[in-house]
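Residue numbering for the sequence shown follows my numbering, starting at 33 and increasing by one per position. These notes are about the structure you will find just below.
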Amino acid sequence: LAAPPFAPLPPHLMHEARRTARLAEGRLLRTLGLDQRTTPVPDRPCPWCGGELTLHTDPDEAPRVTCSTGEDCTAPVPLDDRGRRVWGWGDLVALVGALAAAEKASEQACAVIGS
């Protein structure tokens with residue numbers, strides 16, 4: 033005998049349905065790269081102090097980037113609760129611009145040295 037299609041599920045099946053949904057959600061977020069991650073930004077030091085930049089993503093928060101130098105970094109952004117400079121959603125455009133300017137200045141310096 034099968035249960036009617038709209039009858040309440042017994043507790044053990046409700047538990048299994050929730051567990052399956054959580055597993056599927058986790059797999060989907062990992063596949064899309066939207067799960068909670070901390071990723072170092074390779075070969076792109078902080079334009080203000082040269083510290084290591086790290087990208088933080090979380091499905092429940094906007095992406096953010098932190099500088100490993102901490103309070104000594106002179107970037108014009110606030111500190112997070114761990115004392116690191118943090119670029120939030122609205123600050124990321126300025127960070128990308130500063131990184132591009134630093135890369136361009138580095139390329140020009142290499143061109144002058146190579147001449």
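Ideal Cβ placement from N, Cα and C applies to all residues, glycine included.
One alpha carbon belongs to residue 133, the other to residue 68, and they sit about 30 angstroms apart.
Take residue 131, set aside five residues on each side of it, and the residues of its chain with a beta-carbon closer than 7 angstroms to its own are 76, 79, in chain order.
If you ignore the 5 residues before and after residue 105, its C-beta comes within less than 7 angstroms of the C-beta of 78, 80, 81, 83, 99, 117, all in its own chain and listed in chain order. In the structure shown, residue 94 adopts extended strand secondary structure according to DSSP, grouped into three states. Scanning its chain for C-beta atoms nearer than 6 angstroms, with the 5 sequence neighbours on each side dropped, one finds around residue 71 the residues 87, in chain order. Residue 45 sits in a helix when the DSSP states are folded into three classes.
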